[in-house]
Amino acid sequence: MRRRVRIRSAGWVLVCALMFLGSPLVPQSFAETDIVGDVRTQLAQNSFSSAASELSSYKAQHGVTPEYLEALSWMARGAAGAKQWEQATTYATETRTLSERQLTKRKLDADTELAESYINARRTKAELDEIEEILGHDKAERRR
39 MRRRVRIRSA
49 GWVLVCALMF
59 LGSPLVPQSF
69 AETDIVGDVR
79 TQLAQNSFSS
89 AASELSSYKA
99 QHGVTPEYLE
109 ALSWMARGAA
119 GAKQWEQATT
129 YATETRTLSE
139 RQLTKRKLDA
149 DTELAESYIN
159 ARRTKAELDE
169 IEEILGHDKA
179 ERRR
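Counting in our numbering, the sequence shown runs from 39 upward without gaps.
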């Protein structure tokens, strides 16, 4: 009985190893890139150009997917965190527009990534509008 358990355990170890090594025996869905995680990692390292490049490459290969939109919403938040207001506004607006297009094809509650990207884009855009209003007010005060 113990031998059987060890053999089965060894079989599972082999399956797991093949999955992580990217074996052609593993279905494609296991080997797909986690674009959201990759973009967040690049942004955490302040590598905005790498994140943008990776996102652009993903879009060229996969098109506009809910995962792409979620990663794009992280680009907006990353740019806002770096006080790149115009770039953040551009990313947030693009995320919202593309999310709304996706919503004509499917329901918001049918896809978590789509829902998250849409909500994040709206929240980020609202925050950016508020920041712009404050900054505009500060500039007007300085001119007086």
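For glycine and all other residues, C-beta sits at the position ideal for the given N, C-alpha and C.
For residue 120, the three-state DSSP class (helix, strand or coil):
coil
Would DSSP call residue 174 helix, strand or coil?
helix
The alpha helix (DSSP H) enclosing residue 76, as first and last residue numbers
73-82
Could you have a look at residue 144 and say whether DSSP puts it in helix, strand or coil?
coil
In the DSSP assignment, find the alpha helix (DSSP H) that holds residue 91 and state where it starts and stops.
86-100
So, with DSSP's three-state summary, where would you put residue 103?
coil
Going by CA-CA distance only, name the one from 115, 149, 123, 156 that's closest to residue 134.
156
Can you say whether residue 166 is buried or exposed, counting buried as having 16 or more other CB atoms within 10 angstroms of its CB?
buried
Can you tell me which of the three DSSP states residue 167 falls into?
helix
Using 8 angstroms as the Cβ pair cut-off and three pairs as the minimum, do the stretch 140-148 and the stretch 89-99 touch?
no
Closest Cα partner of residue 113 within the set 99, 101, 132:
132
So, using beta-carbon positions, are residue 130 and residue 109 closer together than 9 angstroms?
no
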